[in-house]
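Enquirer: Under full-length UniProt numbering, think of the first position of the sequence shown as 1, with each following residue one higher. All C-beta atoms, glycine included, are put in the ideal place defined by N, C-alpha and C. Note that the structure is a prediction, hence the values are computed from the model and not measured.
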Amino acid sequence: MPSTFGTTLRVTVFGQSHSKAIGCVLDGLPSGLHLDMDALTHFIARRTPGSFSGDTPRHERDSFHILSGLTSKGTTCGAPLAAIIENTDVRTGDYNYL
């Protein structure tokens with residue numbers, strides 16, 4: 001299954017449930033685009049455990065970190081934007097049977 005899609009804007013996702021982090025790289029964003037960090041934080045909070053039925057019993061605080069592609073003023077710089085969400089409740093033993 002591909003983890004990269006798009007042509008003008010290429011999106012790559014990586015990581016798995018019990019890895020150190022999950023993340024994405026957005027390649028093709030124009031420079032000067034302002035990111036609304038409050039809106040992004042609110043959007044990501046939707047995947048917090050307890051938000052929907054059938055979710056994980058693990059309790060992790062989803063805080064994201066922008067690694068590259070953003071200026072100190074919160075605008076894109078033209079480089080690929082890379083971001084991660086760290087997995088803080090990693091229990092790899094839960095999948096030993098696989």
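Classify Ala83 as helix, strand or coil using the three-state DSSP reduction.
Expert: Working through the sequence shown from its first residue, we reach residue 83 at position 83. DSSP places Ala83 in strand when its eight states are reduced to three.
Enquirer: In the DSSP assignment, find the unbroken beta strand (DSSP E) run with Leu26 in it and report its ends.
Expert: By 1-based counting over the sequence shown, the position of residue 26 is 26. Leu26 -> beta strand (DSSP E) spans Ala21 to Asp27.
Enquirer: Under the DSSP definition of a beta bridge, which residues are partnered with His34?
Expert: Residue numbering aside, residue 34 sits at position 34 when the sequence shown is read from its first letter. DSSP, once it has assigned bridges, lists Thr75 as partnering His34.
Enquirer: Checking the sheet assignment: what are the DSSP bridge partners for Ser68?
Expert: Your numbering for residue 68 matches position 68 in the sequence shown. Paired residue(s): Ala82.
Enquirer: For Val11, is the classification buried or exposed, using 16 other Cβ atoms within 10 angstroms of its Cβ as the cut-off for buried?
Expert: Numbered from its first residue, the sequence shown carries residue 11 at position 11. Classification of Val11: exposed, given that the 10 Å Cβ count is below 16.
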